[in-house]
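Counted from 1, the sequence shown has number 46 at position 46 by this note's numbering; the numbering is strictly sequential.
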Amino acid sequence: MRTTLDIDEDILAAAKELARAEGKTAGQVLSDLARRALTTPVGHPPGLAERQIDYDDTDELFPCFPDRGGVIITTELVRKIQDEIDDEDAKRAACIARGEQPD
């Protein structure tokens with residue numbers, strides 16, 4: 001079913017990234033996530049200390065922790081930060097090559 005939703009940019013970026021990784025559309029990923037959220041009992045999901053992880057179950061391959069609110073980390077964000085670090089390193093190396101003291 002088609003509809004128009006106002007979705008925050010970081011959420012849409014994360015959904016698109018999950019969709020690429022899972023071979024699904026962003027709509028399918030968002031529907032799956034919404035369905036899971038709407039069918040999960042109210043309250044915090046158990047933390048790592050409160051549950052046993054079955055590492056044979058691929059859905060539980062990595063432990064998930066309760067949302068603490070914050071920035072959603074996407075591959076694009078990691079690339080942007082890495083580019084910034086690379087630029088800083090290049091500037092520092094250029095200063096050293098000229099015999100100057102880096103900032």
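Every residue, glycine too, gets a C-beta built ideally from N, C-alpha and C.
Q: Would you identify the three-state DSSP class for R68, choosing helix, strand or coil?
A: Coil.
Q: Please report how far the alpha carbon of L12 lies from the alpha carbon of D6, in whole angstroms.
A: Spanning the two alpha carbons is a distance of roughly 10 Å.
**Q.** Assumed close pair I143, A34 - CB separation to whole angstroms, cut-off 8 Å
**A.** This structure does not reach residue 143, given that the chain is present from 1 up to 103, and the question cannot be answered.
(Q) Suppose contacts are defined by Cβ-Cβ distances below 8 Å. Is A19 in contact with A26 by that definition? (A) The answer is yes: Cβ separation under 8 Å.
Q.
Determine whether the beta carbon atoms of T75 and E9 lie at a separation below 8 Å.
A. Taking 8 Å as the Cβ cut-off, T75 and E9 do not qualify as a contacting pair.
Q. Once you ignore the five residues that flank P102 on each side, which residues in its own chain have a CB closer than 8 Å to its CB?
A. Excluding its 5 nearest sequence neighbours in each direction, P102 has C-beta neighbours in its own chain below 8 Å: K91, R92, C95, I96, listed in chain order.
**Q.** Burial state of V78 (16 or more Cβ within 10 Å)
**A.** Exposed: under 16 other Cβ atoms inside 10 Å.
Q: With DSSP as the reference, label L77 as helix, strand or coil.
A: DSSP places L77 in helix when its eight states are reduced to three.
Q.
Helix, strand or coil, according to DSSP, for D8 in the structure here?
A. In this structure, D8 counts as coil in the three-state DSSP scheme.
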